[in-house]
Structure formats: structure tokens, C-alpha cells
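Data first, discussion second: the structure below is written as C-alpha cells.
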Amino acid sequence: MAVKVSVIVSVHNPGNSADACIRSVLEQSMPAEEYEVIFVDDGSTDGVAERLDAVAAVRGNVRVLHLPHTGSPMRGRNVGLATAKGDYVYLLDQQDRLAKGAIPRMYQRALETDADVLVGRLVRDGGAPMTAFEASRERADLLRDRLLTQLTPHKLVRRTFLEQHGIGFAVPGGRLAEQSYSVRAYLAAKVVTVLAEEVCCHLGERQETEESPAVVSAELRALLAAVDELTTQGRQRDRVYAHLIRSSVLRPFLTPRFGASSMDRVEHYAVAREVVRERLPERLDRHLPVQLRVVAALVRAGRLDQLVTLANVSKRAGLRADLTEVRWDAHVLALGLSVEVLAEDGAPARYVAEGDRLLWIAPRALDEDLLPDGVTDVTAAVDRARIEVYVRHADTGVIHFLPVTFHVERVAERDHVRLLIEGEARLDVSAAAVGEPLASGQWEVHVRMYGGAHQARTRVRRPEGPLNCLGVLAQRPRRRLVVPCWSDAGELGLAIEPRSFCESIALVSPGADLRRQDGHVYVVLPVPYVPPSGGPPIELVLRNTAGRPRELVVPALVEPGLR
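Using this note's numbering, you'd call the opening residue of the sequence shown number -13 and step up by one each time.
Structural data, given as C-alpha cells:
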């Protein structure tokens, strides 16, 4: 029987940390004769090579290739691709792990769409949300569907397509050489499909290796030359150019390392000047955020001193997301939000109004005479301001975006303008997972805002005043208790099927009823779930929040009831 998929795993001295990866590729639900696993060992000395040989001895669909140590996975990937027999190939690193059933699921969708490249949903623990997976796409567009945000090699790719276009990895190769694999595949493919319904691969931690600016520059030039071959002059080429140059050449100027190390910054500056002069004409600046437009202008002006100043004063923007309302519309949780970006000093981000234009306020230490007209204009970016709201599973890291409606308000002050977004996110627990019900467990609620000169993300926090919402019983796929809750840090979450009575009672924050009877005051506090036999003994803590702080602890009785 023909091999449908070849999974190629790069390995080097992982110790026991590769066990999850190895299990995940061996336990796929596709019949063993229909897929193969190729482990490419880069001269390991920790015994993993012998372990993999033992696995291959008892599994006919497993091969182990032993290579001399190079210190880079690129050569091993090329060797793996050259020896693969599958109709499609999928590349993994030793810290990654495939989800159950991911390979047959991706293969089936690739057949249905006749895809040369299929990008299956990825998730990275603690990482930023990946907007490319907001929805599945049969025929994804490079720019519209944000494929440039997915440049790791974790893709199902038709093997003959790679051979036809000579797509592989430069050796020894660095980060940009790795990205070249994906960029060339995207641009050459007739069909790129995105599969977003279920997670296909959990990305592990990747070891970051230091690369000299000269190596980065050489790899970038090679990548841009490939872009030239696969595109014509126009918007697509310009956007790809701007994306690649800003991430590899311009963004390092805003890092603390650039401001702190004189040796590193001189070398990077010299290389960047050549790249910007040759490959980043000023007409491409409109595709850059304002801070990087300023960086490009200072590089062109030859002002290393001003670049150092900018690096030293640049800090990551913050975000404030206030919860203004929370309510249930049947089984849909509606969240009212007021969101505002905070500047580097923690105050709301402000802009200067100049006629119909809004201008970014450059740090005082910068010489604004060096900035050409229009560099600090953020009018178009403000017009595109938006928020995204997503939920993240606390255990698995899976992220799902929620539908949001919002409007942007320009708040005029004496000499400045602030940008405020008021909106409502709707969380349908029966369909939020790309049309499917959310999994049981704890879900965090996050907000990300793009506005003017900044983008930032944060958790939704508990409001100062009273804001209460009881849980509901969701009906799909079965009756499940769903409860809005607060973390210990005061951050909004959602508990689906709390695992115990103690957990469910701790999640609730509804208002209390006061009742007088027989000379006593009774405080009735609803909880979302009580076992038929009642709950364990508990205490009720009453705190006086007005005037002198006082606290009273009284015994409480937990019993079933209706509200």
C-alpha cells in the first residue's frame, strides 16, 4: 500500500524531553502501513539514537537516519525529505507533539481541497493567539488570511510539489532560512488550505541561537530573491518585503539588547543600512507600524545615536480592558468591554490632532527634524483600530476567538486625542470552538487591541464595583454547568463543568439576599450547584467595605434550593 504521509522528526540530545513527541507520532490513528515516521538524528550522544533504533526494530513504519553532528536541523530535514515516501510530508521538532488523529485529519482535508500546502491549527503554551486560525480556509490568501504569521515548517506539504519547485532548507541555515521554506511554499502553491477546527500540533519550546547580523542579512537577501522569482511587482511583493524586513532588520533596533551592547549594535546597524538602502524604499514604509517607520527613517539618516536613544526609551505598550457588563442571553455569555491602550509610562496613549490627521507623539529625546513628513501620521492606523477577544484553555493552551462588535471613540482632550474602544463579545459555549462546543475546564478571557501606534493584549479583570452573573446549564452537547468566575488575581474566566462542589462554590459572585426572621439576620447566597445531599460545612465571611474595615465570620449551611 502506498504511503500517504511521512512525518519527519529532527532529533538531537533531547534526553527524556522528546518522549511526548515520540509517543504522539507513533499513536496516530492512521493505519501503520499508510504513514511512516522518519527520525533524523543529528549525532546525538545521550542514548536517544539507540532508543529510536529499538523502536524502529519493532515498528515497520519507523526509520531512523543517523547523521554526523552539524548543530542545525536543516541538513537532517533535507535528508528526511529526500528519503520520504509519502504523498505528503510533515516536519516536527523534538519538543513538539502531534494531537491525536492529526495526521489522518490533515491528510483527508488536503485531499478534499487538493492542497499543495495545508496549515493545521497550531498552539503554543503561553504564546500569543494565532490569528491565522480564526477559521478554516479551503483556499487561503497569503495576506488576507495572515499566513505570513505562520512561518515555522509545521505544515502538511505535497512531496512532489516540493521536488518540482526545489523547495528545501539552506545548510547550515538559521531562522530566516527556515522561514524561506514556508514563504516559498506559500508563493508557489496553487492551493493553501487552513484547518482550524481542532488543534493539530502543540509547539514546544524552541532553543534560540544567536545569529550574526551578517548571516541574517545573507539569508534575508536569499529569501527576498526567492520572493522576486515567485511574485510580480505589486502589493503582494511589497507586503511580503515589509513583513520580512521589519521582523529581521528593523525590530531588533527597539530591543534592550541593541541599546545595551555597543559591539552588537554597530554590527547590526552597518548591515541594516545596506538592507534598508537596497531593499526598503520609502514607499514601503506605509506597510510598517509607526515606531518602525521611525527606525527606518533614522537608519536612512545615518543616526545611530538616535537609534540608541529610541531603543532606550521604547517599552512595550500596555492595555486596560474594563468589564462593563456581563449577562447571559440564553446560552450565550455577553461581555461588555471598554478597552484602551496604555503608553510606555502607563498613562493612556495620546495623539496630536492636526486638522484631519492624528500624529504619534515621538519621545522627547528624539530629534523630530530627522523624521520626514508623514512618518508619525497614524490616521490610517487609527481608522483600522479594532479589538479581538479570545478564550484560552488554562490546561491545553487552546485558543478560540469570539465574535465582537465594537465602535471606536476619539476622546478629545485639551491638546491631545485618546482612543477608546467600546464593544461586546459573545461567547456561545455550544459553538465557540470553531462551530463546536467548548471543552470542559477553565477558560481564560483575553483581549487584544490594535490602535494607532500600538498593539497590546491583556486579561479581562474584575471591575471595581459590583458586577454579578450566575452560571447556566448549557444543553449542547449535553447538560453542563457553565459558570463565569474570577481567578485569584481577579481575572475573568469561565468554568465549564467544575470538577467538584468546592470548586463550583468558589467560582460564584452573585448578589446576596438579606432576610430577618425570629430576631436574626439571614444572608442567602446562591451557588450554582449543590449535591442532592447538601454540601460540606462552610463559613460565610462578611466584610464591611465602607468606613472602618470590619470582618465577621459566621457558620453557614449549604442545601439544595431554587432561585
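Here a beta-carbon is modelled for each residue, glycine too, at the ideal position from N, C-alpha and C. Quantities reported herein were computed from a predicted structural model and do not represent experimental measurements.
For valine 415, tell me which candidate among Thr362, Asp315, Gly505, Arg434 has the shortest Cα-Cα distance. Along the sequence shown, one-based indexing puts residue 415 at 429. The option with the nearest alpha carbon to valine 415 is Asp315.
Is valine 11 helix, strand or coil when you go by DSSP? Working through the sequence shown from its first residue, we reach residue 11 at position 25. Note: valine 11 maps to helix in three-state DSSP.
If you compare alpha carbons, which of Gly304, Val294, Arg225, Arg251 is closest to arginine 265? Here residue 265 refers to the residue found at position 279 when the sequence shown is read from its first residue. Looking at the Cα atoms, Arg225 is the closest of the given residues.
Please report how far the alpha carbon of glutamate 149 lies from the alpha carbon of glutamine 136, in whole angstroms. If you number the sequence shown from 1, residue 149 lands on position 163. If you number the sequence shown from 1, residue 136 lands on position 150. Distance between the alpha carbons of glutamate 149 and glutamine 136 is about 22 Å.
Which ranges does the alpha helix (DSSP H) cover as unbroken runs of at least 4 residues, wholly within the segment 395 to 436, from first to last along the chain? none
Contact the segment 226 to 244 vs the segment 290 to 299: 3+ CB pairs below 8 Å: yes
Which residues mark the beginning and the end of the beta strand (DSSP E) in which asparagine 530 is found? In the sequence shown, residue 530 corresponds to position 544, counting from 1. Unbroken beta strand (DSSP E) run through asparagine 530: 524 to 530.
To the nearest angstrom, report how far apart arginine 501 and valine 510 are at their CA atoms. On the sequence shown, residue 501 is found 515 positions in, with the first residue counted as 1. On the sequence shown, residue 510 is found 524 positions in, with the first residue counted as 1. Distance between the alpha carbons of arginine 501 and valine 510 is about 8 Å.
Strand pairing of leucine 309, partner residues [DSSP]: Residue mapping note: residue 309 aligns to position 323 of the sequence shown, counting from 1. Looking at the DSSP assignment, leucine 309 forms a beta bridge with Leu323.
Is there a Cβ of chain C sitting closer than 7 Å to that of leucine 97, yes or no? Among the chains in the structure shown there is no chain C, since it carries only a single protein chain.
Whole-number beta carbon distance between arginine 61 and valine 157, since they are thought to touch under 8 Å: If you number the sequence shown from 1, residue 157 lands on position 171. If you number the sequence shown from 1, residue 61 lands on position 75. At roughly 5 Å, the Cβ-Cβ gap stays under 8 Å, so valine 157 and arginine 61 are in contact.
Measuring only the C-alpha atoms, how far is glutamate 184 from glycine 106? For this step, residue 184 is matched to residue 198 along the sequence shown. For this step, residue 106 is matched to residue 120 along the sequence shown. Approximately 8 Å, taken between the alpha carbons.
Using the C-alpha atoms, what's the distance from valine 446 back to tryptophan 346? As a working note, residue 346 is residue 360 in the sequence shown. As a working note, residue 446 is residue 460 in the sequence shown. So the alpha carbons of these two residues sit roughly 27 Å apart.
What's the gap between the Cα of alanine 492 and the Cα of valine 433? Position 506 of the sequence shown holds residue 492. Position 447 of the sequence shown holds residue 433. Confidence at alanine 492 is low in this model, with a pLDDT of 46, below 50, so its placement is unreliable and no value can be given for it.
With distances taken Cα to Cα, identify the nearest neighbour of tyrosine 337 among Gln193, Val276, Leu104. Walking along the sequence shown from the start, residue 337 turns up at place 351. Here the closest residue by C-alpha is Val276.
Count the other C-beta atoms from every protein chain shown that fall within 10 angstroms of the C-beta of isoleucine 524, then say buried if there are 16 or more, exposed otherwise. Reading the sequence shown from its first residue, position 538 is the one you call residue 524. Exposed is the call here.
Since threonine 117 and leucine 173 are thought to touch, with beta carbons under 8 Å apart, how far apart are those beta carbons, to the nearest angstrom? As a working mapping, residue 117 is identified with position 131 in the sequence shown. As a working mapping, residue 173 is identified with position 187 in the sequence shown. Not quite, the Cβ-Cβ distance comes to about 20 Å (not below 8 Å), so this is no contact.
Consult DSSP for tyrosine 140 and reduce its assignment to one of helix, strand or coil. The count along the sequence shown starts at 1 and reaches residue 140 at position 154. Reading off the sequence, residue 140 comes out as histidine, not tyrosine. If DSSP states are grouped into helix, strand and coil, histidine 140 belongs with coil.
Take glycine 87 and list the residues in its own chain whose beta-carbon comes closer than 6 Å to its own, dropping the five residues that flank it on each side. Taking the sequence shown and counting its residues from 1, the one referred to as residue 87 is at position 101. Ser15, listed in sequence order.
Residue environment, leucine 323, which counts as buried when at least 16 other CB atoms sit within 10 Å: Counted from its first residue, the sequence shown places residue 323 at position 337. Answer is buried; the Cβ neighbour count reaches 16.
Our contact map puts leucine 67 next to aspartate 28 with C-beta atoms below 8 Å; I'd like the distance itself, whole angstroms only. Here the question's residue 67 lines up with position 81 in the sequence shown. Here the question's residue 28 lines up with position 42 in the sequence shown. Wrong, their Cβ atoms sit about 15 Å apart, outside the cutoff.
Check each candidate in Leu405, Ala101, His440, Asp308 and name the one with the smallest Cα separation from arginine 302. Here residue 302 refers to the residue found at position 316 of the sequence shown. Of the candidates Leu405, Ala101, His440, Asp308, the one whose C-alpha sits nearest the C-alpha of arginine 302 is His440.
Enumerate in chain order the residues of its own chain whose CB-to-CB distance from arginine 529 is below 6 Å, with the five nearest sequence positions on each side excluded. Here residue 529 refers to the residue found at position 543 of the sequence shown. Hits under 6 Å: Glu537.
Quick one: what's got a C-beta closer than 7 Å to leucine 328's C-beta in the same chain, skipping five residues either side? Mapped onto the sequence shown, residue 328 falls at position 342. Excluding positions up to five away in sequence, the list reads Ala303, Gly304, Leu305, Arg306, Pro334, Ala335.
Buried/exposed call for proline 435, threshold 16 Cβ in 10 Å: Locating residue 435 in the sequence shown gives position 449, counting from the first residue. Reading off the sequence, residue 435 comes out as methionine, not proline. Its Cβ being crowded by 16 or more others within 10 Å, methionine 435 is buried.
For valine 361, write down the residues that DSSP places opposite it in a beta bridge. Within the sequence shown, residue 361 is the residue found at index 375, counting from 1. Paired residue(s): none; valine 361 is not in a bridge.
Between which two residues does the beta strand (DSSP E) harbouring cysteine 541 extend? In the sequence shown, counting from the first residue as 1, residue 541 sits at position 555. Contrary to the premise, residue 541 reads as proline rather than cysteine in this sequence. Segment 536 to 542, the beta strand (DSSP E) holding proline 541.
If I'm right that isoleucine 407 touches valine 325 with Cβ under 8 Å, what's the distance once you round it to whole angstroms? Taking the sequence shown and counting its residues from 1, the one referred to as residue 407 is at position 421. Taking the sequence shown and counting its residues from 1, the one referred to as residue 325 is at position 339. Right, their Cβ atoms sit about 5 Å apart.
Could you check where the beta strand (DSSP E) with glutamate 340 kicks off and where it finishes? Sequence index remark: in the sequence shown, residue 340 carries index 354 (1-based). Segment 336 to 340, the beta strand (DSSP E) holding glutamate 340.
Whole-angstrom Cβ separation of glutamate 124 and threonine 179, contact assumed at under 8 Å? Counting from 1 along the sequence shown, the entry for residue 124 is found at position 138. Counting from 1 along the sequence shown, the entry for residue 179 is found at position 193. With a Cβ gap of about 6 Å, glutamate 124 and threonine 179 count as contacting.
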